[in-house]
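Undergrad: My questions all concern the structure below.
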Amino acid sequence: GSVAAGKWVLHPSYVTASMKAGMWLDEVKFEWGNVENGLLQGDKAGMEFKLASAARKWRNEAGGAEGAFNGMRFILHMPENKKGPFSRLVKSGGGEVLAAKTPYSNTPGASHLLTETRYIGEGQIDFAGLANRGVPVMKPIYLNDFLTSDQPPALEQYLLDEFKTHWDSKKRNRVTTDTPTNAYKKTKSVFGNI
Numbered sequence: 304g305s306v307a308a309g310k311w312v313l314h315p316s317y318v319t320a321s322m323k324a325g326m327w328l329d330e331v332k333f334e335w336g337n338v339e340n341g342l343l344q345g346d347k348a349g350m351e352f353k354l355a356s357a358a359r360k361w362r363n364e365a366g367g368a369e370g371a372f373n374g375m376r377f378i379l380h381m382p383e384n385k386k387g388p389f390s391r392l393v394k395s396g397g398g399e400v401l402a403a404k405t406p407y408s409n410t411p412g413a414s415h416l417l418t419e420t421r422y423i424g425e426g427q428i429d430f431a432g433l434a435n436r437g438v439p440v441m442k443p444i445y446l447n448d449f450l451t452s453d454q455p456p457a458l459e460q461y462l463l464d465e466f467k468t469h470w471d472s473k474k475r476n477r478v479t480t481d482t483p484t485n486a487y488k489k490t491k492s493v494f495g496n497i
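What follows is the structure, given as structure tokens:
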């Protein structure tokens with residue numbers, strides 16, 4: 304949640320060094336993800352490096368005020384035990400989780416629907432209706448990759464297989480929503496050219 308919210312994420316040595324100094328020290332020298340402080344070492348393609356870099360990126364870009372998911376409105380179609388953690392992540396990043404009922408045909412303002420194939424029963428999701436409104440039906444891993452990628456990832460690689468034909472067939476006819484569904488456009492509209 305801290306990464307999505309654009310909050311400071313500090314290396315544990317910050318507390319030790321501050322206690323030794325008898326005061327809180329400057330956070331920049333201990334920020335997890337600041338390559339200049341030497342606290343982050345190892346494989347740059349590894350998850351720890353990506354997460355640390357993302358923490359710094361979202362703090363710097365959003366100024367901690369809006370969060371990574373600001374302006375995004377999600378429908379979460381998943382079991383309750385899965386919904387809680389995803390809901391907290393979205394909300395901490397400034398996004399909104401909509402209270403919606405299947406088949407989600409009449410859910411105004413939705414920008415994304417997150418689910419997995421195994422959570423979908425017959426007729427539970429109106430794929431054609433969502434595609435017509437420009438609401439992608441995506442795998443939840445999109446949130447992680449959106450946070451940790453240098454550039455916003457393309458939505459198409461996260462679409463559920465059973466939704467892709469609807470999405471592709473409606474691409475040219477789709478109504479534009481208030482919130483861009485392309486992650487790059489969303490980032491560009493919030494942060495300008497990055």
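Just so you know, we're using the working numbering here: the sequence shown kicks off at 304 and counts up by one. All C-beta atoms, glycine included, are put in the ideal place defined by N, C-alpha and C. Just so you know, these numbers come straight off a predicted model, no measurement behind them.
#1: What are the start and end residues of each continuous alpha helix (DSSP H) run of 4 or more residues lying completely inside the stretch 366-436, in chain order?
#2: What does L313 pair with, by DSSP beta-bridge criteria?
#3: Using a Cβ-Cβ cut-off of 7 Å (strictly less than) and excluding sequence neighbours within five positions of V331, which residues of its own chain qualify?
#4: Tell me which residue opens and which closes the alpha helix (DSSP H) that K467 is part of.
#5: Are F449 and A358 closer than 8 Å when you measure CB to CB?
#6: In this structure, does DSSP put M350 in helix, strand or coil?
#7: Thinking just about the alpha-carbon of each residue, which of P406, G432 and V306 is nearest to the one in M381?
#8: Say whether the stretch 375-394 touches the stretch 411-427, bearing in mind that this needs 3 or more beta-carbon pairs closer than 8 Å, one atom from each stretch.
#9: Suppose contacts are defined by Cβ-Cβ distances below 8 Å. Is T410 in contact with E465 by that definition?
#10: Taking Cβ positions, are L354 and S316 nearer each other than 8 Å?
#11: On the DSSP bridge list, what partners appear for M322?
#12: Put V273 into one of helix, strand or coil per three-state DSSP.
#13: Just how far apart, CA to CA, sit D329 and K473?
#14: Indicate whether K442 and Y461 have their beta-carbon atoms separated by less than 8 Å.
#15: Around the C-beta of P439, are 16 or more other C-beta atoms found within 10 angstroms, so that it is buried, or is it exposed?
#16: Helix, strand or coil for W327 per DSSP?
#17: How about L313 and E334: do their beta carbons lie closer than 8 Å?
#18: Using only alpha-carbon positions, find the residue among T319, K360 and M350 that is nearest to Q454.
#19: Under the assumption that G397 contacts E369 (Cβ atoms under 8 Å), give the Cβ distance between them as a whole number of angstroms.
#20: Using 8 Å as the threshold, is the C-beta distance between V400 and S390 below it?
#21: Kindly list the residues whose CB is nearer than 8 Å to the CB of A403, restricted to its own chain and excluding five residues on each side of it in sequence; keep chain order.
TA: Considering the structure as presented:
#1: 383-395 and 430-435
#2: Counted from its first residue, the sequence shown places residue 313 at position 10. Answer is E334, bridged to L313.
#3: The sequence position of residue 331 within the sequence shown is 28, counting from 1. The residues are N337.
#4: As a first step, residue 467 must be located in the sequence shown, where it is residue number 164. Here the alpha helix (DSSP H) through K467 covers D464 to K473.
#5: Residue 449 sits at position 146 when you count from the first residue of the sequence shown. Residue 358 sits at position 55 when you count from the first residue of the sequence shown. No, the pair does not count as a contact, with Cβ atoms beyond the cut-off.
#6: As a position in the sequence shown, residue 350 is number 47, starting the count at 1. Helix at M350.
#7: The sequence position of residue 381 within the sequence shown is 78, counting from 1. Nearest option by C-alpha distance: P406.
#8: yes
#9: For the purposes of this step, residue 410 is taken as residue 107 along the sequence shown, with counting starting at 1. For the purposes of this step, residue 465 is taken as residue 162 along the sequence shown, with counting starting at 1. Cβ distance not < 8 Å, so T410 and E465 don't count as in contact.
#10: If you number the sequence shown from 1, residue 354 lands on position 51. If you number the sequence shown from 1, residue 316 lands on position 13. No, the pair does not count as a contact, with Cβ atoms beyond the cut-off.
#11: Here residue 322 refers to the residue found at position 19 when the sequence shown is read from its first residue. Answer by DSSP bridge pairing: none, since M322 is not bridged.
#12: Any question about residue 273 goes unanswered here, given that the chain covers just 304 to 497.
#13: Here the question's residue 329 lines up with position 26 in the sequence shown. Here the question's residue 473 lines up with position 170 in the sequence shown. Roughly 52 Å separates the two Cα atoms.
#14: Within the sequence shown, numbered from 1, the residue matching residue 442 stands at position 139. Within the sequence shown, numbered from 1, the residue matching residue 461 stands at position 158. Yes, Cβ-Cβ distance for K442 and Y461 is below 8 Å.
#15: Counting from one through the sequence shown, the residue named residue 439 turns up at place 136. Buried.
#16: As a working note, residue 327 is residue 24 in the sequence shown. Of the three classes helix, strand and coil, the one that applies to W327 here is coil, per DSSP.
#17: Indexing the sequence shown from 1 puts residue 313 at position 10. Indexing the sequence shown from 1 puts residue 334 at position 31. Result yes, Cβ atoms of L313 and E334 sit closer than 8 Å.
#18: Along the sequence shown, one-based indexing puts residue 454 at 151. If we check each option's Cα against that of Q454, K360 comes out closest.
#19: For the purposes of this step, residue 397 is taken as residue 94 along the sequence shown, with counting starting at 1. For the purposes of this step, residue 369 is taken as residue 66 along the sequence shown, with counting starting at 1. Under the criterion of beta carbons closer than 8 Å, G397 and E369 qualify as touching, at roughly 5 Å.
#20: In the sequence shown, residue 400 corresponds to position 97, counting from 1. In the sequence shown, residue 390 corresponds to position 87, counting from 1. With contacts defined by Cβ atoms closer than 8 Å, V400 and S390 form a contacting pair.
#21: For the purposes of this step, residue 403 is identified with residue 100 of the sequence shown, where counting begins at 1. The residues are I378, T410 and A413.
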